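*Asks:* Provided herewith is a single structure, encoded as structure tokens, for subsequent inquiry.
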Amino acid sequence: MIMDALKHYGLSQRTDLSQAINLPLRNTRRIKFTCCDASSKYIIFGANSGSLYVYDRLTVNFLSIIPSQLGAISQICIARNGKQIAVANQRGAIGVVLELDSSATKEVLLTELGDGSGSKGAVVTCFCWGDEDRELYVGDSKGTVSLLQLSMFMGRNILNITLNPVLLLDQQIVQIDRFMQLLLVSTHSKCVLCNTEREEFKQIGNRPRDGPYGAAFILATPPTPSEGTPSNGTSDDGGATAPTDEDNDNRSGGHSSQPSPTRDLG
1 MIMDALKHYG
11 LSQRTDLSQA
21 INLPLRNTRR
31 IKFTCCDASS
41 KYIIFGANSG
51 SLYVYDRLTV
61 NFLSIIPSQL
71 GAISQICIAR
81 NGKQIAVANQ
91 RGAIGVVLEL
101 DSSATKEVLL
111 TELGDGSGSK
121 GAVVTCFCWG
131 DEDRELYVGD
141 SKGTVSLLQL
151 SMFMGRNILN
161 ITLNPVLLLD
171 QQIVQIDRFM
181 QLLLVSTHSK
191 CVLCNTEREE
201 FKQIGNRPRD
211 GPYGAAFILA
221 TPPTPSEGTP
231 SNGTSDDGGA
241 TAPTDEDNDN
251 RSGGHSSQPS
261 PTRDLG
């Protein structure tokens, strides 16, 4: 089934983009790139100066610099619609850039993990944008998954940012993936499937992991709007079908923790 989903893709020759990417830094040795992400339209690099460097993905032409007060950027994630960017530093600060396609001057809107999330002193380890471009899931070094919500008021002139914990685990979050109402959360010791609508969670596999291993949804056949349930990536009752317990016994979950915002699927 996976091969059917990948049949439209093929390998191509490796292309070295270093010369084009480093062109804006040719006159400085102080600034270094620290992380990057790509969308269908852009390649964006975070730098130790706190700035974001935006490139056209097809031509690799340098487009613009988006400055910020974050200091060295440690995480960057472009939203699925390609219009928003989430960034973070090593002090727990989070920045969001709205309307990337707009010609207006870009502003990095700031918040922190300690602002309502109960994760004071933690640092961001991963991001995952929700299906809506106003929801951002944030994983941190203390094992908390928080939901950052963006709300617009008065015709987009006033922005409200709220950050609330949705899942509390016992180890650092390694990766978060989302499909419809399901969250797949990986830590250094386990992988947990969460239903955000029912506020339920279930550990995948029985044996503990020991390392920074992630997990992701793979859809062999994407669902059509007329289908009421996910296809292949999830089961009819909303649970993940891949991976199985047998596949995950060597690398998945230990004893289930007790995340306070959710309850066990049972």
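So in the UniProt record's numbering, the last one in the sequence shown is 266, and the numbering has no gaps at all.
Backbone N, C-alpha and C fix where the C-beta goes; we use that ideal spot for every residue, glycine too.
Nothing here was measured: the structure is a model prediction, and the numbers come from that model.
Only counting the same chain, and skipping five residues up and downstream in sequence, which positions put a Cβ closer than 6 Å to that of V96?
*Replies:* Position 96 of the sequence shown, counting from 1, holds the residue named residue 96. For V96, where only same-chain residues beyond five positions count, the Cβ hits under 6 Å are A86 and L109.
*Asks:* On the criterion of 16 or more Cβ atoms from any shown chain inside 10 Å, does T234 qualify as buried, or is it exposed?
*Replies:* Within the sequence shown, numbered from 1, the residue matching residue 234 stands at position 234. With a pLDDT of 44 at T234, under the threshold of 50, the predicted position of this residue should be treated as unreliable, and no value is reported.
*Asks:* What separation, rounded to the nearest whole angstrom, lies between the Cα atoms of K32 and Y55?
*Replies:* As a working note, residue 32 is residue 32 in the sequence shown. As a working note, residue 55 is residue 55 in the sequence shown. Cα-Cα distance, rounded: 16 Å.
*Asks:* By a C-beta neighbour count over all protein chains shown, 10 Å radius and 16 as the cutoff for buried, is T221 buried or exposed?
*Replies:* By one-based count along the sequence shown, residue 221 stands at place 221. Counting other Cβ atoms within 10 Å of its Cβ, T221 stays below 16 and is therefore classed as exposed.
*Asks:* Using DSSP with H/G/I as helix, E/B as strand and the rest coil, what is Q13?
*Replies:* Position 13 of the sequence shown, counted from the start, is the residue given in the question as residue 13. In this structure, Q13 counts as coil in the three-state DSSP scheme.
*Asks:* Select from E200, L70, D37 and L182 the residue whose C-alpha is nearest the C-alpha of A215.
*Replies:* By 1-based counting over the sequence shown, the position of residue 215 is 215. Nearest Cα to A215 within the set E200, L70, D37 and L182: L182.
*Asks:* Beta-carbon within less than 7 Å of L147's beta-carbon, same chain only, minus the 5 sequence neighbours each way: which residues are those?
*Replies:* The residue you call residue 147 lines up with position 147 of the sequence shown. Excluding positions up to five away in sequence, the list reads E135, Y137, N164 and V166.
*Asks:* In terms of alpha-carbon separation, which member of R209, C36, R178 and R91 lies closest to E197?
*Replies:* One-based indexing of the sequence shown puts residue 197 at position 197. Considering only alpha carbons, the answer is R178.
*Asks:* Looking only at its chain, what residues have a beta carbon closer than 8 Å to the beta carbon of L169, apart from the 5 residues adjacent to it on each side?
*Replies:* Here residue 169 corresponds to residue number 169 of the sequence shown, with the count starting at 1. Excluding residues within five positions, the ones whose Cβ falls inside 8 Å are G143, T144, V145, V185, T187, K190, V192, S257 and P259.
*Asks:* By how many angstroms is the C-alpha of Q175 removed from the C-alpha of K41?
*Replies:* Numbered from its first residue, the sequence shown carries residue 41 at position 41. Numbered from its first residue, the sequence shown carries residue 175 at position 175. Whole-angstrom Cα-Cα distance: 24 Å.
*Asks:* Within the stretch 42 to 78, note down every full beta strand (DSSP E) run reaching 3 residues or more, in order along the chain.
*Replies:* Within the stretch 42 to 78, complete beta strand (DSSP E) segments of at least 3 residues are found at 42 to 47, 52 to 56, 62 to 66 and 73 to 78, given in chain order.
*Asks:* Identify whether L113 lies in helix, strand or coil by the three-state DSSP scheme.
*Replies:* Mapped onto the sequence shown, residue 113 falls at position 113. If DSSP states are grouped into helix, strand and coil, L113 belongs with coil.
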